[in-house]
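Take any residue in the sequence shown, note its place counting from 1, add 2, and you have its number in the working numbering. Written out below as structure tokens is the structure these notes cover.
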Amino acid sequence: GCFHSMWVLGSSLPPLLPTVFVVSVGISVKRLLDQKRIVCSNGTKQILISAGKVKVVFFDKTGTLTKQGLDFVSSKSFGSYADDLHHAMMVCHTLTKSRSSGGSLVGNAVDKIMFQATEAVLLTHHERSSSSRRALSPRQSTVVRDPATDKEFTILKRFEFDHTTMTQSVLVRDESMEGIVSIFVKGSPESIQAMATASSIPSEFDDIVRRSGRKGMYQIAMAKRLLPADIADSWETMSRSDVERDVVFLGFVNFKNSLREETPEVLAELHRGDVRTIMVTGDSILTGIHMAYESGLVFE
């Protein structure tokens, strides 16, 4: 009798399995609709079966666990370099002014946020003062005006952000100081520390970087170097290696990447389902650790 019962059960299960799967998926689809207001199309219903096998989920930090974009928090200069740091924030970027969308800024999102924090203005060729118009052709159209002082700075040459050196730099002429060409460099704290003169690095440099990382800050460092008058006219032929060396450290610029409101709840639900969650980020390890704790990715 027992053998007969097992035979009947074994014979009936294979034909019933597809029905069981269909019913199970139907129940899951209804639960998602009733509890989460999520509507599943016919194509996604079969994915639910595979989703039940997921054991690990990888999340990109910026724009996924956190909101898209950064918020400017603060700038911190050292010594007597407050004005220089402000000027660096105004000119050390790769922004351009769009001609087709009402003069809006085009370029890297971090550059936009940093530039807007200075309240400086990016000028077109026709908006420049007469002195800067004489100095450059319309093709060389990147000029920045500081509304607080009415000074104009002409960006002569740009080096795009390099993922190897973790830096970006510009050569700039202050139109109020005839013939003076300055180099401004921004990058990761580690990269700027390595190329700056030792005397310009404050003793608390590493402590500040660590504290900012623990607070979840995205931090960039900025530096400057004046070109001697005898080589200032040769800026056009200068290479990146000529530019990004022996600079003077100016200070830090801090940004914050805010967590999405729904992130902690989503991660907690995955943990309840015994799904392991992993964050992937290019930020500093301390910033990543801070966001992992804040989001509930890891616990105390």
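Where a beta carbon is used, it is the ideal one built from N, C-alpha and C, also for glycine. Nothing here was measured: the structure is a model prediction, and the numbers come from that model.
- Ranking 200, 27 and 161 by CA distance to the CA of residue 237 puts 161 first.
- When secondary structure is reduced to three states using DSSP, residue 144 falls in the coil class, being assigned neither helix nor strand.
- Nearest to residue 200 by C-alpha distance, out of 252, 164 and 230, is 252.
- The distance from the Cβ of residue 226 to that of residue 185 is about 7 Å, consistent with a contact at the 8 Å cut-off.
- Between residue 106 and residue 32, the alpha-carbon positions lie close to 46 Å from each other.
- Shown here, residue 295 sits in a helix according to DSSP, grouped into three states.
- Apart from the 5 residues on each side of it in sequence, residue 86 sits with its Cβ closer than 6 Å to the Cβ of 226 and 252 in its chain, given in chain order.
- A Cβ-Cβ distance of about 50 Å is found for the pair residue 94 and residue 37, leaving them out of contact under the 8 Å criterion.
- Rounded to the nearest angstrom, the gap between the Cα atoms of residue 122 and residue 229 is 24 Å.
- Residue nearest to residue 286 within the set 297, 260, 220 and 235 is 220 (criterion: CA-CA distance).
- Boundaries of the beta strand (DSSP E) harbouring residue 175: 169–176, taken from the DSSP string.
- The C-beta of residue 242 has fewer than 16 other C-beta atoms within 10 Å across all chains shown, which makes the residue exposed.
- Going by DSSP, residue 192 is part of the alpha helix (DSSP H) stretching over 191–197.
- Judged by DSSP secondary structure, residue 210 falls within the alpha helix (DSSP H) whose first and last residues are 207–216.
- Straight-line measurement puts the Cα of residue 110 at about 22 Å from the Cα of residue 245.
- Look at residue 287 here: in three-state DSSP terms it is helix.
- Within the stretch 24–97, the beta strand (DSSP E) runs of at least 3 residues that lie entirely inside it are, in chain order, 58–62 and 73–79.
- Take the alpha-carbon of residue 259 and the one of residue 296: they are about 12 Å apart.
- A distance below 8 Å between beta-carbons, with the five flanking residues on each side excluded, links residue 283 to the following residues of its chain, in chain order: 62, 63, 64, 289, 290 and 293.
- Classified as buried, residue 154 has 16 or more neighbouring CB atoms from the shown chains inside 10 Å of its CB.
- Secondary structure note for residue 300: it is in no beta strand (DSSP E), with a DSSP letter that is neither H nor E.
- Rounded to the nearest whole angstrom, the C-alpha separation of residue 157 and residue 116 is 16 Å.
- Across the set 240, 81 and 231, the C-alpha of 81 shows the shortest separation from the C-alpha of residue 203.
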